[in-house]
Amino acid sequence: MISKDVLYNYLEANTRVPWDDLKYMFCDILYGGHIGDDWDRRLMRAFMDSLMDDDLFEDKYLAPGFLAPGGQMTLAEYKTYISEQMPPENPYLFGLHPNSEISFLTDQANTLLSTVFEMQPRSGGTSDGASREDVIKESLTDILDALPENFDMLDITERIEERTPYVSVCLQECQRMNMLLGEMRLSLQELALGLKGDLTISEGMELLMDGLFMSRVPDCWANVAYPSYK
């Protein structure tokens, strides 16, 4: 990023490309400053002398098989050249395993579908005729009925014979699960009262209703829980 900004500033401040200045900045400071071996620094200087000159824009290759574009092209022509002549990006270009692209595309698809779903009208109901409030009430009741009781930390502690590392981790996880269960139970009970009219619907309740209606983990739960889409 720093080298990009330096290059941009030099090009903006000069009518011609200041090759000598750029070579000094890159070879002796930004990159060369991190090279301890003199021969490695000379090798880098040789590469820069070969690549960084006016001939770069005259029938030179950016890489084997990829001719550099002409120096008199417009911005639109450069964009067309890049999109049509350059190879498509793939994980190998960045030193990554091909499976990383699967994860990337999966995340993009999930983000796209989640965004489209969030853009749907929230005042209506579902395709089977149930209203939004009915869907929320049903989901609320189902989750409350399925919630287990909190761990009895006093009982668990009394049964511990030796405080080993595994036991300590178990206790920590029990405490964290109690925090999650407590938050879920309290927020759902408050929402139930709000839907009945006994409490004023707050912003937090609105967010919880959105999460229940869209089958998405509400933020108030995610903040005290482990990462999960369920």
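Under the numbering used here, the first residue of the sequence shown is numbered 66, with each subsequent residue one higher. Note that beta-carbon positions come from the ideal geometry of N, C-alpha and C, so glycine has one too. The model shown is predicted, which means the values in this text are computed figures rather than measured ones.
What residues are listed by DSSP as bridge partners for residue i?
i      : result
Ser165 : None, per the DSSP bridge assignment.
Pick from the options: whose alpha carbon is nearest that of residue i?
i      : options                           : result
Tyr291 : Tyr75, Lys88 and Arg241           : Arg241
Leu87  : Asp103, Asp102, Trp104 and Leu116 : Leu116
Glu258 : Met244, Met274 and Leu236         : The displayed chain sequence assigns Leu, not Glu, to residue 258. It is Met274.
Glu149 : Ser204, Tyr157, Phe131 and Asp284 : Phe131
Trp286 : Met249, Pro153 and Ile221         : Met249
Arg281 : Thr229, Asn175 and Asp220         : Asn175
Lys261 : Glu227, Asp199, Pro83 and Leu246  : Asp199
Val82  : Phe169, Asp120 and Gly98          : Asp120
Trp84  : Asp118, Glu77, Leu170 and Asn288  : Asp118
Which residues in the same chain have their Cβ closer than 8 Å to the Cβ of residue i, if we skip the five residues on either side of it in sequence?
i      : result
Met279 : Phe182 and Glu183
Asn74  : none
Apart from the five residues just before and just after residue i, which ones in its own chain have a Cβ nearer than 7 Å to its Cβ?
i      : result
Val232 : Ile225
Glu283 : The residue you asked about is not Glu; residue 283 is Pro in the sequence shown. For Pro283, where only same-chain residues beyond five positions count, the Cβ hits under 7 Å are Leu272, Leu273 and Gly276.
Pro163 : Pro156
With a threshold of 6 Å on Cβ separation, who are the neighbours of residue i within its own chain once the five nearest residues in sequence on each side are excluded?
i      : result
Ser68  : Leu95
Trp104 : none
Val289 : Met244, Leu245 and Glu248
| query | Is it a yes or a no for the region 201-216 touching the region 248-257, going by three-plus beta-carbon pairs under 8 Å? | reply | Yes, they touch.
Meets three-Cβ-pair contact criterion under 8 Å: the region 216-223 and the region 265-272: Judged by Cβ distances under 8 Å, the region 216-223 makes no contact with the region 265-272, as fewer than three pairs qualify.
Original post:
Using 8 Å as the Cβ pair cut-off and three pairs as the minimum, do the region 92-99 and the region 107-120 touch?
Top reply: Touching, per the Cβ criterion.
- Counting only runs of 4+ residues fully inside the region 80-111, write out the alpha helix (DSSP H) ranges in chain order. If we require 4 residues or more, the alpha helix (DSSP H) runs fully inside the region 80-111 come out as 84-88.
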